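Quick note on the numbering used here: the sequence shown kicks off at 509 and runs consecutively.
Cβ atoms here follow ideal geometry from the backbone N, Cα and C, with glycine treated the same way.
Nothing here was measured: the structure is a model prediction, and the numbers come from that model.
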Amino acid sequence: MNSSLFTLLLIFAGLSAVHLIYLAVSRLQKDKDYTGIGFRIKTWWGMLFIFCLATLFNSVVSLLSLMVLCFFALKEYFSMIRTRKADRRLFLWAYLAIPLQFYWIYIEWYGMFIVFIPVYVFLLLPLPRLLNKGTLGFLRSVSSTQWGMMLMVFGLSHLAYFQFATPEYGAGLVLFLVVLTQLNDVVHYLASLYFGKHKVVPTANPNLTWEGFICGFAATTAVSYLIYPYLTPLTPLFGLLSGMLISLSGYFGSLTVSVLKRDLLIGDDDKFAALQKSYLSRVDSLAYTSPIFFHVIRYFFDFM
Numbered sequence: 509m510n511s512s513l514f515t516l517l518l519i520f521a522g523l524s525a526v527h528l529i530y531l532a533v534s535r536l537q538k539d540k541d542y543t544g545i546g547f548r549i550k551t552w553w554g555m556l557f558i559f560c561l562a563t564l565f566n567s568v569v570s571l572l573s574l575m576v577l578c579f580f581a582l583k584e585y586f587s588m589i590r591t592r593k594a595d596r597r598l599f600l601w602a603y604l605a606i607p608l609q610f611y612w613i614y615i616e617w618y619g620m621f622i623v624f625i626p627v628y629v630f631l632l633l634p635l636p637r638l639l640n641k642g643t644l645g646f647l648r649s650v651s652s653t654q655w656g657m658m659l660m661v662f663g664l665s666h667l668a669y670f671q672f673a674t675p676e677y678g679a680g681l682v683l684f685l686v687v688l689t690q691l692n693d694v695v696h697y698l699a700s701l702y703f704g705k706h707k708v709v710p711t712a713n714p715n716l717t718w719e720g721f722i723c724g725f726a727a728t729t730a731v732s733y734l735i736y737p738y739l740t741p742l743t744p745l746f747g748l749l750s751g752m753l754i755s756l757s758g759y760f761g762s763l764t765v766s767v768l769k770r771d772l773l774i775g776d777d778d779k780f781a782a783l784q785k786s787y788l789s790r791v792d793s794l795a796y797t798s799p800i801f802f803h804v805i806r807y808f809f810d811f812m
């Protein structure tokens, strides 16, 4: 707990310094548009609050705070989908699955936790759409809803399971994962902003560049090796490999969600621009890094 608290205080100090620098630079250089960085800083403050609750308090508080995060992430995801009246019951069923998914975590029923959304929700979710006798747009609405459940609920819910799977190290592992995931995003964004030349998928996300990926990968790997002894019980080799794994999976998470958002919002550029300011754009990487890191650690280490 002491190392986690110290790390959170360092993050708070660093984020405060970044916020002050942003305010000063944005006033001195009014000819440049720094609104993108401003929105990111605001969402980082919100996420810091959520993960303070998830790290410093008991596992139940952690569970509830992350369940709220999943709810709002899924809500923002649904706001991208072109909906019909027949989809309302479908979305209601999806929301009701969130407390059930977190209940499996609370009672530590790992078997149900790991199959509930990929198997049972996948099979039962089309029922409300079928009961409405609607065929128009059936595949698109059901499949897009299932995608949202997998990313925003199943993926992010792994963050809550850390403290139940390993009460001794769970808080530190969550903080380790979140710090590295956000660091990777920040370095990638800044490197792409200042000297990124080769865009990965310019039609989906012009902020993702190969230069940003390389800088993010190097920085995340280096910081992972520096902080793993204070937050995790990992070995030196896994301390290094964890940074590489988190950087790669976070990069693919951002890329996948960017393409997904562009596909869902073709022809609605105003809505797409608005969603860049949302929390969904900040947790897209975590939707990938959380389950991947969780299952790799669970496979190789007995403490999980």
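Straight through space, the alpha carbons of residue 746 and residue 584 are spaced by roughly 35 Å. The DSSP-derived three-state label of residue 717 is strand. With fewer than 16 other Cβ atoms inside 10 Å of its own Cβ, residue 532 counts as exposed. Around residue 756, the same chain offers 725 as residues with beta carbons nearer than 8 Å, after the five sequence neighbours per side are excluded. Contact between residue 728 and residue 761 is absent: CB atoms are separated by about 13 Å, not below the 8 Å threshold. Here residue 796 carries a helix assignment [DSSP, helix/strand/coil]. Burial check for residue 605: the Cβ neighbour count within 10 Å reaches 16 or more, so the residue is buried.
Rounded to the nearest angstrom, the Cβ distance from residue 731 to residue 691 is 6 Å, consistent with a contact under 8 Å.
Within the region 658 to 682, the complete alpha helix (DSSP H) segments of 4 residues or longer fall at 664 to 673, listed in chain order. Sequence-distant partners of residue 753 (beyond 5 residues in either direction) whose C-beta falls short of 7 Å from its own C-beta, in its chain, are 800, 801, 804.
Distance from residue 796 to residue 663 at the Cβ level is roughly 7 Å; contact confirmed, criterion being Cβ atoms closer than 8 Å. Sorting 705, 586, 657, 650 by C-alpha distance to the C-alpha of residue 635 places 650 at the top. Short of 7 Å from the beta carbon of residue 527, and not among the five residues preceding or following it, lie these beta carbons of its own chain, in chain order: 549. Secondary structure at residue 810: coil, using DSSP grouped into helix, strand and coil.
Assignment of residue 589 by DSSP, reduced to helix, strand and coil, places it in the coil class. Going by beta carbons, residue 668 and residue 570 fall inside the 8 Å limit. Distance between residue 734 and residue 744, taken at the CA atoms: about 10 Å. Residue 740 carries a coil assignment under DSSP once its states are collapsed to helix, strand and coil. DSSP places residue 617 in no alpha helix (DSSP H); its state is neither H nor E. Counting every other CB atom within 10 Å of its CB across the protein chains shown gives residue 791 a total of 16 or more, marking it as buried.
Looking at the backbone, the Cα of residue 742 and that of residue 681 are separated by about 10 Å. Residue environment: residue 633 is assigned as buried (16 or more neighbouring CB atoms within 10 Å of its CB, all protein chains considered).
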